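Number of protein chains: 2
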Amino acid sequence: MASDLPRTLKVLWGVAERPARGPQPTLSLDRIVATAIEIADRDGLAALSMARLAERLGCAPMSLYRHVANKDELLVFMQNTAPGEPPVLPPGWRDGLVTWVRALRGVLYAHPWILQATAGRPPLEPGQLAWLDRGLSAFRDTPLSHRERGDLVLAALYLARGEAHINAVLLSGPPDVTEDYGTLLARFVTADRFPALAEAIAAGEFGGGEPDNSFEIGLARLLDGIELLITAREDQPGPQPA
Amino acid sequence: MASDLPRTLKVLWGVAERPARGPQPTLSLDRIVATAIEIADRDGLAALSMARLAERLGCAPMSLYRHVANKDELLVFMQNTAPGEPPVLPPGWRDGLVTWVRALRGVLYAHPWILQATAGRPPLEPGQLAWLDRGLSAFRDTPLSHRERGDLVLAALYLARGEAHINAVLLSGPPDVTEDYGTLLARFVTADRFPALAEAIAAGEFGGGEPDNSFEIGLARLLDGIELLITAREDQPGPQPA
DNA sequence: CCCATCTGCGTATGTCCTACGCAGCTGAGC
DNA sequence: GCTCAGCTGCGTAGGACATACGCAGATGGG
Chain G
1 MASDLPRTLK
11 VLWGVAERPA
21 RGPQPTLSLD
31 RIVATAIEIA
41 DRDGLAALSM
51 ARLAERLGCA
61 PMSLYRHVAN
71 KDELLVFMQN
81 TAPGEPPVLP
91 PGWRDGLVTW
101 VRALRGVLYA
111 HPWILQATAG
121 RPPLEPGQLA
131 WLDRGLSAFR
141 DTPLSHRERG
151 DLVLAALYLA
161 RGEAHINAVL
171 LSGPPDVTED
181 YGTLLARFVT
191 ADRFPALAEA
201 IAAGEFGGGE
211 PDNSFEIGLA
221 RLLDGIELLI
231 TAREDQPGPQ
241 PA
Chain F
1 MASDLPRTLK
11 VLWGVAERPA
21 RGPQPTLSLD
31 RIVATAIEIA
41 DRDGLAALSM
51 ARLAERLGCA
61 PMSLYRHVAN
71 KDELLVFMQN
81 TAPGEPPVLP
91 PGWRDGLVTW
101 VRALRGVLYA
111 HPWILQATAG
121 RPPLEPGQLA
131 WLDRGLSAFR
141 DTPLSHRERG
151 DLVLAALYLA
161 RGEAHINAVL
171 LSGPPDVTED
181 YGTLLARFVT
191 ADRFPALAEA
201 IAAGEFGGGE
211 PDNSFEIGLA
221 RLLDGIELLI
231 TAREDQPGPQ
241 PA
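Which chain is which? The protein sequence lines are G and F, in order. Counted from 1, the first sequence has number 182 at position 182 by full-length UniProt numbering; the numbering is strictly sequential. Counted from 1, the second sequence has number 159 at position 159 by full-length UniProt numbering; the numbering is strictly sequential.
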């Protein structure tokens, strides 16, 4: 096992063997990844360069490449580490899924760069799989099929990621908007070009709300819809369709 | 009006005045943006450099800067143009929203780079606002408040963007996975570390489905939840809560 | 006819990532 | 205790990239 695996996965799963001979490493992968996460959290992903990371670590830029194959691999390690452990879920599928997806959203708000570092590959990191596993566990006592559980956990994940991608990155940037967003919007939106939008703005109910609203409102609807499916399945037990 | 606006917005809304004196431009903003979109669609956002774009256009790299302030501005123009016109919606809020969000997802699959080019700013481009307006119009004949409509349209948008961000970028890359994803997954997922995940894999219902499933399943649940809200509001008309 | 003004672009700078290879340290084997 | 394989840290250099600055030529208003 683990012979033809790409190096990145070997390291992630701890399969990589440790060398015996050689000097004591002053750098460690953990320290590199932790410092890289720190920089990305504080100054954004664009500010994370190998040179700046080395400077913060007190070593030469090329030293990093002894522990990391390239910058993309570093980003994979960061994505694996940053989320930490998934939360312990309360009993009941609804409370469980809410706890899970709110915690996930919290992680994305704390580390907005996760959404900018695209994986380009299905999740195989232990960190990602731990979260996925915990999310699935919320449906443990429901009559849903495994495929349905997976699809619904993913739907909740999409909601959190989609919202965070728009709002978290927005909050992390400098608020250099010269004018208020609502004012600027009202300046462009005319009833002939954008009728529905103009109506909403005229009602004074747009652009002013906290960004929390759309996530929580959407999540509540999604959960209501799932509840409908679960109760329908409970009333009529039988061979679960795939 | 339009005096203290940033240059990018002036150009987007066609407020920029045209010069009279000077040579006939051989380059145009439209041609630059269209070619840039072409490159990003075909080879990904990473392959879009000012040098490559200029080469494709048959001009020198620095010529582009007469029409575009910098690369970030070019990305804003691309994001404004690529989505095109939003679809005409069928009557009925449910059919309307489904049509809208499926079309939105189609745009994201056709231009995956849209999700990698972060805005870092609330949407003010006419292209984005046109889609938002069309989405809001789906709820025209419902008893929902304007704030609720906005939140629900955004929830659908989050679902589409979240799903596309994971799956569309995945499809655009080369399928260089040496092993099947399911095989690779089964190799790492053990029942002691990931109990729920292992159970799903043992049931053979994970990792094999089309990526369509999770989007459509989640969307159906979200719509069911919205329907619940609307029928409840219809049965009990009164002063709409904000 | 003149020149203000605009377009296209050549040059150069600073910032990236990273391939390559060297010097010094360390501990396994004898 | 000696030797040296193999490892660590890193200096140098090359290639790609965005873009500031300023110049030559074209063009049309007065």
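Beta carbons: idealized from backbone N, C-alpha and C, even for Gly. In this text the structure is predicted, and so the values were computed from the model without any measurement.
By the CB criterion at 8 Å, F:L219 and F:V88 fall outside the cutoff. Collapsing the DSSP output to three states places G:R140 in coil. With contacts defined by Cβ atoms closer than 8 Å, G:E199 and F:H146 form a contacting pair. Between G:L64 and G:L53 the beta-carbon gap is near 7 Å, inside 8 Å, which marks them as a contact. Per the Cβ contact rule, the stretch 76 to 91 of chain F is in contact with the stretch 130 to 137 of chain F (3 or more Cβ pairs under 8 Å). Of all residues in the stretch 9 to 31 of chain F, only W13 come within less than 7 Å of chain G when Cβ atoms are compared, listed by chain position. Excluding the 5 residues flanking it on each side, F:N80 has same chain C-beta neighbours closer than 8 Å at L12, E125, P126, G127 and Q128, in chain order. Here G:L97 really is in contact with G:A138; their C-beta atoms are around 4 Å apart, less than 8 Å. In this structure, DSSP gives G:H67 a state outside helix and strand, which the three-state scheme calls coil. Under the 8 Å criterion on CB atoms, F:V68 is classed as non-interfacial with respect to chain G. From the beta-carbon of F:E163, the residues of chain G found nearer than 7 Å are Y158. F:V153 and G:Q24 have their C-alpha atoms spaced approximately 56 Å apart. Residues of chain F whose Cβ lies closer than 9 Å to the Cβ of G:D180 do not exist; the shortest such Cβ separation is about 10 Å. Of all residues in the stretch 124 to 136 of chain F, only L124, P126, L129, A130, L132, D133, R134, G135 and L136 place a beta-carbon less than 9 Å from a beta-carbon of chain G. In this structure, DSSP gives F:Q128 a helical state, which the three-state scheme calls helix. For F:D192, the closest C-alpha among the options G:R193, G:D151, G:R134 and G:A164 is that of G:R134. Under the Cβ criterion of 8 Å, G:G218 is counted among the residues facing chain F.
Scanning its chain for C-beta atoms nearer than 6 Å, with the 5 sequence neighbours on each side dropped, one finds around G:L136 the residues R149 and V153, in chain order.
The beta carbon of G:I226 sits closer than 8 Å to some beta carbon of chain F.
Burial state of G:S214 is buried, judged by a 10 Å Cβ sphere holding 16 or more other Cβ atoms. The residues W93, T142, P143 and L144, in chain order, have a CB closer than 8 Å to that of G:I230 in the same chain once the five nearest residues on each side in sequence are set aside.
Straight-line spacing of the CA atoms in F:L157 and G:G162 works out to 8 Å.
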